[in-house]
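Each residue of the sequence shown is one higher than the one before, counting from 472 in this note's numbering. Ideal Cβ placement from N, Cα and C applies to all residues, glycine included.
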Amino acid sequence: TRPDNCPPDVEVLGRATWTFLHTTAAYYPEKPTPTQRANMLMLLKSLPVLYPCSHCASHLGENMKTSPPDVSSRYGLSRWLCLQHNEVNERLGKKKFDCAIEKLDERWKDGPSDGSCD
Ligand code: FAD
472 TRPDNCPPDV EVLGRATWTF LHTTAAYYPE KPTPTQRANM LMLLKSLPVL YPCSHCASHL
532 GENMKTSPPD VSSRYGLSRW LCLQHNEVNE RLGKKKFDCA IEKLDERWKD GPSDGSCD
């Protein structure tokens, strides 16, 4: 394995980015204000333009044309991101994640009920 002071490769960057996006979605308001929605939309729409893995960025941009981001609520955003991530998982031959909100909250917000992450 590479030392962890190396510049991020596609995998390390991807894990960090998914952590940021899923966690931000997990704490996004149930009823976002127009300003919060607009800012989230800008954040997501920036990715196909700025994400520093160009083939990742262009795949995402294509997907966002047919499946525009759902910034209407915490639930909608968490689910939309999960589906986007699953699309990448599928393309890379990785396992799909169950996009039920309980599973997403367990992974990104609350941790498992056995307390192992407390
Ligand atoms: P990751 O896929 O990084 O997942 C991290 C953790 O998230 C997992 O351990 C799991 O607990 C959880 N998780 C998994 N799936 C979901 C889900 N659907 N919803 C919620 N949580 C989930 N790599 C490429 O090689 N080609 C690409 O085109 C590409 N496109 C990308 C596009 C974007 C927008 C991003 C952010 C990353 C992209 N990547 C791409 C990187 C790739 O998705 C992975 O991050 C990388 O391969 C490392 O994978 P990993 O197995 O460590 O887990």
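Reduced DSSP category for residue i - H, G, I as helix; E, B as strand; rest coil
{"i": "Gly586", "result": "coil"}
{"i": "Ala571", "result": "coil"}
{"i": "Asp576", "result": "helix"}
{"i": "Asp581", "result": "helix"}
{"i": "Arg486", "result": "helix"}
{"i": "Asn510", "result": "helix"}
{"i": "Lys516", "result": "helix"}
{"i": "Val481", "result": "helix"}
Cβ distance (whole Å) where residue i is taken to contact residue j below 8 Å
{"i": "Leu531", "j": "Leu518", "result": "6 Å"}
{"i": "Cys553", "j": "Val481", "result": "About 20 Å; that fails the 8 Å criterion."}
{"i": "Asn534", "j": "Glu558", "result": "6 Å"}
Buried or exposed (CB count within 10 angstroms, at least 16 for buried), residue i
{"i": "Gln507", "result": "exposed"}
{"i": "Leu521", "result": "exposed"}
{"i": "Tyr498", "result": "exposed"}
{"i": "Arg486", "result": "exposed"}
{"i": "Arg473", "result": "exposed"}
Host alpha helix (DSSP H) of residue i (start-end)
{"i": "Tyr546", "result": "545-562"}
{"i": "Glu501", "result": "It is not in any alpha helix (DSSP H) - Glu501 carries neither H nor E in the DSSP assignment."}
{"i": "Asn534", "result": "525-537"}
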